[in-house]
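Participant: This is the structure I want to talk about, given as C-alpha cells.
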Amino acid sequence: MIAQHTPVMIKVAEKTVHNAAYTTLFFDFAVDYHPGQFIMVWIPGVDEKPYSLSFHSPTRFGITIEAKGIFSRRAVGLSTGDLVGIRGPFGNGFDIISSPHTAVVAGGCGMAPLAPLVARLHPELFFIQGARTREFILFPDRFDVTRHITTDDGSLGYKGLVTDLLAAEIRRRNQEKIPGFDRVYACGPEMMMHAVFTLCETHGIDCRVSLERYMRCGFGVCGACVCSDRVVCKDGPVFASEQLRKMPDFNRTALLKSGRAVPVTEYASWRCQ
Amino acid sequence: MIAQHTPVMIKVAEKTVHNAAYTTLFFDFAVDYHPGQFIMVWIPGVDEKPYSLSFHSPTRFGITIEAKGIFSRRAVGLSTGDLVGIRGPFGNGFDIISSPHTAVVAGGCGMAPLAPLVARLHPELFFIQGARTREFILFPDRFDVTRHITTDDGSLGYKGLVTDLLAAEIRRRNQEKIPGFDRVYACGPEMMMHAVFTLCETHGIDCRVSLERYMRCGFGVCGACVCSDRVVCKDGPVFASEQLRKMPDFNRTALLKSGRAVPVTEYASWRCQ
Amino acid sequence: MADFLGKQLTTPLVLASGILGNNADILARVHAAGCGLVTMKSIGPAPRDGHNNPTVIDLGCGMINAVGLPTPGYDHMDAEWQALAGRTFPLNASIYGGSVAEFVQVAQFVSDQGPDFMEINISCPNSEHHGMLFGVDENAAFAVTNAVKKVISVPLIAKLTPAAPDIGKIAKACEDAGADAICAINTAGPGMIIDIEAQMPVLAFKKGGLSGPMIKPVAVRCVYDIYRAVSIPIIGLGGVTTGEDAVEMFMAGATLVGMGSAVRYRGIGVFDQVNRELADWLNSHHFTRDAIIGAAHDRRHIP
Amino acid sequence: MADFLGKQLTTPLVLASGILGNNADILARVHAAGCGLVTMKSIGPAPRDGHNNPTVIDLGCGMINAVGLPTPGYDHMDAEWQALAGRTFPLNASIYGGSVAEFVQVAQFVSDQGPDFMEINISCPNSEHHGMLFGVDENAAFAVTNAVKKVISVPLIAKLTPAAPDIGKIAKACEDAGADAICAINTAGPGMIIDIEAQMPVLAFKKGGLSGPMIKPVAVRCVYDIYRAVSIPIIGLGGVTTGEDAVEMFMAGATLVGMGSAVRYRGIGVFDQVNRELADWLNSHHFTRDAIIGAAHDRRHIP
Ligand SMILES: Cc1cc2nc3c(=O)[nH]c(=O)nc-3n(C[C@H](O)[C@H](O)[C@H](O)COP(=O)(O)OP(=O)(O)OC[C@H]3O[C@@H](n4cnc5c(N)ncnc54)[C@H](O)[C@@H]3O)c2cc1C
Ligand SMILES: Cc1cc2nc3c(=O)[nH]c(=O)nc-3n(C[C@H](O)[C@H](O)[C@H](O)COP(=O)(O)OP(=O)(O)OC[C@H]3O[C@@H](n4cnc5c(N)ncnc54)[C@H](O)[C@@H]3O)c2cc1C
Ligand SMILES: Cc1cc2nc3c(=O)[nH]c(=O)nc-3n(C[C@H](O)[C@H](O)[C@H](O)COP(=O)(O)O)c2cc1C
Ligand SMILES: Cc1cc2nc3c(=O)[nH]c(=O)nc-3n(C[C@H](O)[C@H](O)[C@H](O)COP(=O)(O)O)c2cc1C
Ligand code: FES
Ligand code: FES
Chain A
9 MIAQHTPVMI KVAEKTVHNA AYTTLFFDFA VDYHPGQFIM VWIPGVDEKP
59 YSLSFHSPTR FGITIEAKGI FSRRAVGLST GDLVGIRGPF GNGFDIISSP
109 HTAVVAGGCG MAPLAPLVAR LHPELFFIQG ARTREFILFP DRFDVTRHIT
159 TDDGSLGYKG LVTDLLAAEI RRRNQEKIPG FDRVYACGPE MMMHAVFTLC
209 ETHGIDCRVS LERYMRCGFG VCGACVCSDR VVCKDGPVFA SEQLRKMPDF
259 NRTALLKSGR AVPVTEYASW RCQ
Chain B
9 MIAQHTPVMI KVAEKTVHNA AYTTLFFDFA VDYHPGQFIM VWIPGVDEKP
59 YSLSFHSPTR FGITIEAKGI FSRRAVGLST GDLVGIRGPF GNGFDIISSP
109 HTAVVAGGCG MAPLAPLVAR LHPELFFIQG ARTREFILFP DRFDVTRHIT
159 TDDGSLGYKG LVTDLLAAEI RRRNQEKIPG FDRVYACGPE MMMHAVFTLC
209 ETHGIDCRVS LERYMRCGFG VCGACVCSDR VVCKDGPVFA SEQLRKMPDF
259 NRTALLKSGR AVPVTEYASW RCQ
Chain C
13 MADFLGKQLT TPLVLASGIL GNNADILARV HAAGCGLVTM KSIGPAPRDG
63 HNNPTVIDLG CGMINAVGLP TPGYDHMDAE WQALAGRTFP LNASIYGGSV
113 AEFVQVAQFV SDQGPDFMEI NISCPNSEHH GMLFGVDENA AFAVTNAVKK
163 VISVPLIAKL TPAAPDIGKI AKACEDAGAD AICAINTAGP GMIIDIEAQM
213 PVLAFKKGGL SGPMIKPVAV RCVYDIYRAV SIPIIGLGGV TTGEDAVEMF
263 MAGATLVGMG SAVRYRGIGV FDQVNRELAD WLNSHHFTRD AIIGAAHDRR
313 HIP
Chain D
13 MADFLGKQLT TPLVLASGIL GNNADILARV HAAGCGLVTM KSIGPAPRDG
63 HNNPTVIDLG CGMINAVGLP TPGYDHMDAE WQALAGRTFP LNASIYGGSV
113 AEFVQVAQFV SDQGPDFMEI NISCPNSEHH GMLFGVDENA AFAVTNAVKK
163 VISVPLIAKL TPAAPDIGKI AKACEDAGAD AICAINTAGP GMIIDIEAQM
213 PVLAFKKGGL SGPMIKPVAV RCVYDIYRAV SIPIIGLGGV TTGEDAVEMF
263 MAGATLVGMG SAVRYRGIGV FDQVNRELAD WLNSHHFTRD AIIGAAHDRR
313 HIP
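Residue numbers (the working numbering), protein chains in the order written: chain A, 9 to 281; chain B, 9 to 281; chain C, 13 to 315; chain D, 13 to 315.
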C-alpha cells in the first residue's frame, strides 16, 4: 500500500542486529515501492525520521538503521511487537537499466538503499563496498555477486577508498577495450558520492547518487530538505549526473533543522562514515 | 451527471409556456435520473426550491413550474440563456413494474413527475388526469395513451374528482372479472393522493404517491421535510402504501419554514390544486 | 449501555442538534437506529423562518450551512411537547436566545416539558444576532449558564463554539456556572463559498458554519483542551463518521460522541454502524470504552 | 503582468511563506515556474530549531502542521542574503517576533537586505510564544504594524490569522497603522489528530495549523470580510489549488492569489497550471482579472 497521509501504525515483525552499529527492522506490511525510495518512520513520543527500504518483498519490508543519535538509538532499541508509524514511500528511486555494464558503489550504511537495487540489476554488475572495518560491511553474504571490498583499516579487502577501485576498473576496461560502464550507482557519505560523481564526469559515465538532508514533510512542501533548487524528498533523493551538475550545494551546503545553511561536512558529520 | 455538492450552473436552453400557470424550462444537461426524483433549483439572489423532472433524455431535461409564489414566478419569468444552479437529483423515485395493469392518477401539475413515468410503463396503463379547467391539463398531447380527464368545472372530460373515475374503473374490472390493478401511481394535491391511497387500501391495491414538504438540504440532514418518521427528501419523495400506513402525518401535518407543524391544508394551500 | 449524568443510555452516541430532530417520530427513529441520546433542533424564544435557501450545501469533505436558527418558538410547539411526553427514549432539548433573559424564558418553559437534559446553544455561528456573543466570552458564557441553571430542573449541557479564543476557559466558566456537561463543537468557521458563474456567495446568508469530516481536527483539539480544563463530562462532536473517529474523540476526552453531518455520508444507519465499528475496535484491542477516555492525555504507553 | 504596490509581477500568483522558500535557488525555481511573487520562510529574531517531527501531515483534503517557526535567525543568513542580492525576481520577506521590539529589530535588518516587500507574520497559530497575540487583537496588530512601518523602506504586508474574532477589524487596524497590503489567511484551527493505535497526538507539538482545500471556505470568507473593511490590496491565500479557486478568491476581493499546500497536491508546476486555468476561464468569459476583483460583493449581475 501507499501511506501518503497520516502514519500507518505497524508492528516490528523481526529484528536483525548486524553489528554494534547496524540493525535491521522487518515489518510484515506490503508497500508499493521502487528501490531508492524512503519512508518516514515515527516512534510515538520520540521523533519521525526518513529511512530507505533495505529489504522489500510483496508482503514484507525492512529498514537498516545505523545507531548514532537520539532517534536511531531508540529505533535499534525497538523489540519485535513494538509499534511504529510509517508514511510513504516517498521520493524518486534509482532508474534500473538492463545493461550488464553497471557499477554499484556503497559506503557504510549507504549499502541499505542499494541492496534492493543490486538484486534487480544485471548480475554482471561491478560491485564495490566500503566500510570503516570488516564488521561494518553490511549484508556481507546477501547476494552472490563478486564484491570488491575496501576498509579504512584494511581489516578486509583493499585498504583505501572505494573510488580507488572504481578508478582502477574504469582504467582496466579502457585498456583492455572491454565495454565501459553505462551507469554507476552510489550511496554513502556525500563526500564519497561526490568523488564518484567527479570520477564519472571525467570519464563521461552517467551516475546516480542518493542524497540526504534533514526532512520534515517528506512530500515537497516544507522546504527543509532543499539542495540548491532541488527538493531532495520529492525531486530526489536519487539524482542523476545531469542534475547534479546544476546543484552547487551538492557536497557543499545543507540546511540544519533551523534552516541554517552549513557546510555539508558539518551537517553530515553524523551519517554513514 | 450527479450534482450532489455545490450547485452546477446551467443555462435555460428552451422555454415552453403551457398556459397562464404552467411553464416548462429545458436544460441541455445530462443528469443521471430515475422518474420521481427531484433537483434543487437555485436562482441566484432569489431562493432555491425543489422541482421534479418532467422531461428527461440522455442530453436534456426539463422542469415544469406552476407560477404561484415569489420563487415560481421568478422561475417562469426566466429567459433562455439565463443561468440557474442545480443540485441533485435527490430522493427515491417510482419503482417501475412491467404489468399492463397499472393506473396513473395525476392532479394539476402533479402531472410533472408522472410524465417520465408514464413513458416507461406498459402502454395499457389506465391514465386519469384531473385539473381545475381544460387549460390546466398539462401535456395534453404528450403521449398516445387514452386519457380519462376530469375537470373541476367540467370544461373538459368528466366533471368531478379523479378518484370517482378510479373507483369506477376498479369496480368495472371487478365486475367484468378483468384483472385488477397491480399498482396505482398518484401525484397531485396531498388530499387527492390520500383519497387515492384510501381507495386503494379498501381494494388491496398497492400504490405509490409523491409527497411534498418544505426543503432545505435535499439530502436528509436538516430535517425540514420530515413527515412522521420519514425524511421526504431522502426516504421519498415517493412512498409506497406499506410505508404510508405508518405515516400519520400523511395528509395531516407538515412543517412550515419555521419548523412549525401545521395541518397539511394550511401548508399545501399553495400547490397543485 | 452508557451512564451519562445518572441516566442510562443504550449507546454512547448522540444526535447533534439541528440534524433531523424536527419531530418526535424522527427522534424515535434515530434512537431506534442506535443513537443513545437524541437532541432536538434548537428552540428559540419566538417564531422564526430562518434564512432563505440555499441554506445547506455539501462540500464533499464536509458541509456548510446557514439555516438561520428557524424555530416555531418554544410556546408554539404544544402538539410536539405532547408527543414527546409519551416518548420511550432519553431527550436532549436544545435552546437558544438573544439575551440572558430570553434564554431564561425559554429554558424555564422547556424544562417544564420534562426533557431528560437541556442543552444551551451558546454558539451558533450562523445567525447575526443569536448566540454568538455568549460562546466566545467567558463572562457572557458564565452569565447565561448560571441564569439558566437556576430556573431548570434537568441536567444542563453547554454547547460551545470553536470560535472561542480559548475554549478551555469558556468550558471552565460554564462548569463554574453550574453546567453539568459540555458539548463541543458547534460548526466551525464561518466560511463562504462563492459560485464563480453566479459571481455571488452560494448561501443566501453568504456565510455559513462548517461541519463534517473537514472540521474533525478542530473538534478533537477543542475536546482535548476542554478535557484539561474541566472535570464534567464532554459530548465530543464534530466530523465523526466512523467507529475509529469515535475512538479518537474518546481518547481526546469525550464521554459521549455526537454525530450530525455523518447522516449525510452514511445515512441514519450510521449510528448502528459506528456502534459496531466501535465495539469491534475495543474488542480487538481488549479495551473498555471507559479505559480509553482521555487516553491521548496519558503518557504511560510511550515506548 | 500584474501590478502590485507599484511593482510589476509576471503573474498574480504568490508563493505562501513556509512553503519551500528556504533558499535563493528554490525561490528562483518557483518564480520561473509561474509564481509572480515568492515569499521567504518567516525569519525570526534568534536561531530556532522548531518542533521535532512529526511536524507536517497530509490529511488528504488538507494538511496539518506544527513546524514551530524554525529559523536561522535574521543575522545568521549572510550567504542567503548575498545570494538573494543578485536575484532576478520580486521577493517578499516574511518576518516574525515575540514582541514589538523583536519585530522591529528583525524588520530593520531585513529591510536593509533590500527585499521588494516585507510581510509580517502576526498570525502563526503553531507556536506557543510567537505571533499569536498580535493577530487576534486590534491594538496589538496596530502597534506592531505601526512600529515596523516606521523602520522599513519597503512596502509592508500584514499577514493575518483566521482566528481573529473579527478579521475585518484587524485588517483595518493594520491599514490604519500603515500596512500597504493584507495577506490572508495563515493556517486555520488549530487542530489535532490523534493516532488511536499510539493513543497520542500525531504531531510532536500536539496541535497544528490547518491548510489546503479544507480551509478554502474560511479563507474566502476572511478575504470577503477584509475587502469590505479596507481599501489596500489583499493577497488571498488558503486552500487554492485550481484556476477556478483563484477566480473565487479574486471575486471575494483578492488582488493577488497565494498558494502553499497546493504544491503538495499538484507539484511546483501548480503555478503554471493555475495561470493557464485562470487565463482560460477569463477568456471564455470575456473578463479581465481586474473586472472580477470583488465581483461577489456586487449585485448588478443578479437576474
Ligand atoms: C532519504 C533518507 C534516507 C535515509 N536512510 C537511512 C537509512 O537507511 N539508514 C540510516 O541509518 N539512516 C538513514 N537516514 C538518516 C536518518 O534519517 C537519520 O538522520 C539518522 O538515523 C540519524 O538520526 P538520529 O536521530 O539518530 O540522529 P540525530 O540525533 O538526529 O543526530 C545524530 C547526530 O546528527 C546530528 N544531527 C541530527 N539532526 C541534525 C540536523 N537536522 N541538522 C544537523 N545535524 C543533525 C546531530 O548533531 C547528532 O550528533 C536517511 C536519511 C534520508 C534523508
Ligand atoms: C419533491 C418536490 C417536488 C416538487 N416539484 C414541483 C414541480 O415539479 N413543479 C412545481 O411547480 N412545484 C414543485 N414543487 C413545489 C416547489 O418546490 C415550490 O414549493 C413551489 O413552486 C412554490 O414555490 P414558490 O416559492 O413559488 O411559492 P412560495 O412563495 O414559496 O409560496 C407560495 C405560497 O406557498 C406558501 N408557502 C411557501 N413556502 C412555504 C413554506 N415553507 N411553508 C408553508 N407555506 C409556504 C406561501 O404561503 C405562499 O403563499 C415540488 C416540491 C417538492 C418538495
Ligand atoms: C444543517 C445543520 C443545522 C444545525 N443546527 C444546529 C442547531 O440548531 N443548534 C446547534 O446547537 N447546532 C446546530 N448545528 C451544529 C451541529 O449540531 C454540530 O455541532 C456540527 O454540525 C458539528 O457536528 P458534525 O460535524 O457531526 O455535523 C447544525 C449543523 C448543521 C449541519
Ligand atoms: C508547512 C507549512 C509551513 C508554514 N510556515 C509558515 C510561516 O513560516 N510563516 C507564515 O506566515 N505562514 C506559514 N504557513 C502558512 C502558509 O503560508 C499559508 O498561510 C497557509 O498554509 C494557507 O495557505 P494554503 O492553504 O495555500 O497552504 C505555513 C504553512 C505550512 C503548510
Ligand atoms: S521534507 Fe519537506 S520539502 Fe522535503
Ligand atoms: S430537506 Fe433537509 S432533510 Fe429533507
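For every residue, glycine included, the Cβ atom is placed at its ideal position computed from N, Cα and C.
1) If you follow the beta strand (DSSP E) that A:H13 is part of, which residue opens it and which one closes it?
2) For a test of your reading of the model: does the CB of A:G267 fall under 7 Å from any non-hydrogen atom of ligand 2? Yes or no.
3) Return the bridge partner residues of D:L49 from the DSSP annotation.
4) Since D:N198 and D:G221 should fall inside the 8 Å C-beta cutoff, what is the C-beta to C-beta distance between them, to a whole number of angstroms?
5) Please confirm whether D:H298 has its beta-carbon closer than 8 Å to some beta-carbon of chain A.
6) Quick check: does the Cβ of B:G77 come within less than 7 Å of any heavy atom belonging to ligand 2?
7) Using the C-alpha atoms, what's the distance from C:G270 back to C:G33?
8) So, does the CB of D:I327 fall closer than 8 Å to a CB anywhere in chain A?
9) Output needed in chain order: residues of the region 184–215 of chain D with a Cβ under 9 Å from some Cβ in chain C.
10) Is it the case that the Cβ atoms of D:M75 and D:R278 are separated by a distance below 8 Å?
11) How would you call C:P84, buried or exposed, if buried means at least 16 neighbouring beta carbons within 10 angstroms?
12) What do you get for B:F258, buried or exposed, if any count of 16 or more other CB atoms within 10 angstroms of its CB means buried?
13) By the three-class DSSP mapping on this structure, what secondary structure does A:F258 have?
14) Does the beta carbon of D:P82 sit closer than 8 Å to a beta carbon anywhere in chain C?
15) Using the C-alpha atoms, what's the distance from D:L215 back to A:K19?
16) Let me see if you follow: with CB-CB separation under 8 Å, is C:M153 close to chain D or not?
17) DSSP state of D:S273, grouped into three classes?
18) List, from N- to C-terminal side, the alpha helix (DSSP H) runs of 4 residues or more that fit wholly inside the region 93–176 of chain B.
19) Cβ atoms of A:S163 and A:A123: under 8 Å apart, would you say?
20) Name the residue from B:F189, B:G212 and B:M200 whose alpha carbon lies nearest to the alpha carbon of B:S107.
21) Taking 8 Å as the threshold (beta carbon to beta carbon), is B:M17 in contact with chain C?
22) Who are C:T100's beta bridge partners in DSSP?
23) Any beta-carbon of chain D closer than 8 Å to the one on C:I179?
24) Give the residues from the region 23–34 of chain D that approach chain A closer than 9 Å (Cβ to any Cβ), ordered along the chain.
25) Looking at chain D, is there any beta carbon in it that lies within less than 8 Å of the beta carbon of C:L249?
26) Considering only the beta carbon of each residue, do D:I205 and C:E256 sit closer than 8 Å?
27) Taking 7 Å as the cut-off, is the CB of C:M75 close to at least one heavy atom of ligand 3?
28) Does at least one heavy atom of ligand 1 sit under 7 Å from the Cβ of A:T72?
29) From A:L173, A:E132, A:I186 and A:Y59, pick the residue whose C-alpha is nearest to that of A:V153; which is it?
30) Between A:D36, A:H64, A:T273 and A:D172, which has its C-alpha nearest A:F46's C-alpha?
31) Would you call the region 171–179 of chain A in contact with the region 86–103 of chain A, where contact means no fewer than 3 C-beta pairs closer than 8 Å?
32) Leaving aside the five residues before and after A:F151 along the sequence, list all residues of the same chain whose C-beta is less than 7 Å from its C-beta, in chain order.
33) Just to make sure I have the definition right: I need the residues of chain D whose C-beta is within less than 7 Å of the C-beta of C:R233. Which are they?
34) Tell me which residues share the same chain as D:L21 and place their Cβ nearer than 8 Å to its Cβ, disregarding the 5 neighbours each side in the sequence.
35) With a 10 Å radius around its C-beta and 16 neighbouring C-beta atoms as the bar for buried, classify A:T273 as buried or exposed.
36) Can you list the residues of chain A that D:V79 reaches, using a CB-CB cut of under 7 Å?
Facilitator: Quick answer:
1) A11 to K19
2) no
3) For D:L49, DSSP records a beta bridge to D:V26.
4) 7 Å
5) no
6) yes
7) 13 Å
8) The shown model of chain D, from 13 to 315, leaves out residue 327 of chain D, and the question about it has no answer.
9) A200, G201, P202, G203, M204, I205, I206, D207, I208, E209, A210, Q211, M212 and P213
10) no
11) buried
12) When all chains shown are included, B:F258 counts as buried.
13) coil
14) Taking Cβ atoms only, chain C never reaches closer than 8 Å to D:P82, which makes this a no.
15) 20 Å
16) The question names Met, yet the displayed sequence has Ala at residue 153 of chain C. Cβ-Cβ to chain D under 8 Å: no for C:A153.
17) In this structure, D:S273 counts as coil in the three-state DSSP scheme.
18) The region 93–176 of chain B contains these whole alpha helix (DSSP H) runs: 119–126.
19) no
20) When B:F189, B:G212 and B:M200 are compared, the shortest CA-CA separation from B:S107 is found for B:F189.
21) yes
22) Per DSSP, none; premise fails for C:T100.
23) no
24) G30, I31, L32, G33 and N34
25) no
26) no
27) yes
28) yes
29) A:E132
30) A:H64
31) no
32) V126 and A127
33) G201, P202, G203, M204 and K219
34) M13, A14, D15, G48, L49, P102 and L268
35) The residue is exposed, with fewer than 16 neighbouring Cβ atoms inside 10 Å.
36) Listed along chain A, the residues sitting closer than 7 Å to D:V79 by beta-carbon distance are R224 and C230.
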